[in-house]
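Undergrad: If you count the sequence shown from 1, position 18 lands on 18 in our numbering, and the numbers rise without skipping. From the three backbone atoms N, C-alpha and C, an ideal C-beta is built for every residue, glycine too.
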Amino acid sequence: MNEKKAIYPGSFDPPTNGHLDIIDRGLTVFDAIIVSVIVNPSKDALFSVKERKEMLCDIYSSNPRVEIDSFEGLLVEYASKKGANTILRGLRAVSDFEYEFQMALMNRKLNPEIKSVYLMPSPEFTFLSSSIVKEVSSLRGDVSTLVPVSVEKQLKKKLL
Ligand code: COA
């Protein structure tokens with residue numbers, strides 16, 4: 001039987017519990033998920049791609065169904081190269097919809113073989129973004145319920 005494999009792409013600067021919620025839900029649908037950090041020099045990042053991959057590897061080290069990787073260039077080309085025919089994304093709120101809809105249709109145009117699948121996170125994560133976590137953390141706010149302990153430590157190291 002063919003393995004159901006999905007790519008979960010994003011900036012993950014840093015990964016949050018909202019991202020993990022989507023990955024965990026995705027694992028109930030797919031056999032394997034490739035969490036892939038986009039290499040995007042035009043977006044100012046707090047953590048390097050290597051650091052972001054290390055944080056994700058650390059979180060999923062004991063789960064053989066989750067692979068951590070990075071990519072640059074067209075997402076659909078990367079997905080084909082990895083043998084995945086699904087792109088997994090989270091939809092947090094209606095405000096995500098327009099951007100995600102545009103991206104899904106463009107990706108479909110570029111490669112109709114690759115499908116986009118959207119999952120909704122738990123309501124407690126719908127307000128969450130990596131930027132908001134970085135802002136709260138830099139102002140010494142408590143982010144312990146928003147990111148894994150290992151990520152919280154890295155945030156403190158970088159920002160405080
Ligand atoms: N929980 C918490 N936060 C979430 C989240 C979730 N479930 N889902 C998204 N977010 C947040 C991210 O943390 C990020 O926050 P930030 O802006 O504060 O950093 C924000 O939402 C954006 O999400 P992200 O997943 O990083 O998306 P992106 O818009 O940076 O990148 C790609 C989306 C990588 C899928 C897209 O840029 C891409 O495919 N690029 C490749 C080029 C390409 O193929 N282009 C043509 C296709 S249109």
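Leaving aside the five residues before and after F47 along the sequence, list all residues of the same chain whose C-beta is less than 8 Å from its C-beta, in chain order.
TA: These residues qualify, in order along the chain: D13, P14, M55, Q154, K158.
Undergrad: Starting from E77, trace the alpha helix (DSSP H) both ways and give me its first and last residue.
TA: Start and end: 75 to 81.
Undergrad: Shorter than 7 Å from the beta carbon of D13 to some beta carbon of chain D?
TA: The structure shown has no chain D; it contains just one protein chain.
Undergrad: Which residues does DSSP list as the beta-bridge partners of F67?
TA: Reading the sequence as shown, one finds Glu at residue 67 and not Phe. DSSP output for E67 lists I34 as bridge partner(s).
Undergrad: Between the Cα of P64 and those of I33, A79, E51, E72, spot the shortest distance and give me the residue it belongs to.
TA: Considering only alpha carbons, the answer is I33.
Undergrad: Would the stretch 127 to 144 count as touching the stretch 103 to 116 if we require 3 or more Cβ pairs under 8 Å?
TA: Flag = no, the stretch 127 to 144 and the stretch 103 to 116 do not touch.
Undergrad: Say the cut is 6 Å; is the CB of M55 nearer than that to a heavy atom of the ligand COA?
TA: Answer for M55: no, Cβ out of range of the ligand COA.
Undergrad: In the DSSP output, which residue or residues are listed as bridge partners for R89?
TA: Answer is Y118, bridged to R89.
Undergrad: Can you list, in chain order, the residues of its chain whose CB lies under 7 Å from that of E100, leaving out five sequence neighbours each side?
TA: Excluding sequence neighbours, E100 sits near R89, L91, Y118.
Undergrad: Taking 6 Å as the cut-off, is the CB of G83 close to at least one heavy atom of the ligand COA?
TA: No, the beta carbon of G83 sits no closer than 6 Å to any heavy atom of the ligand COA.
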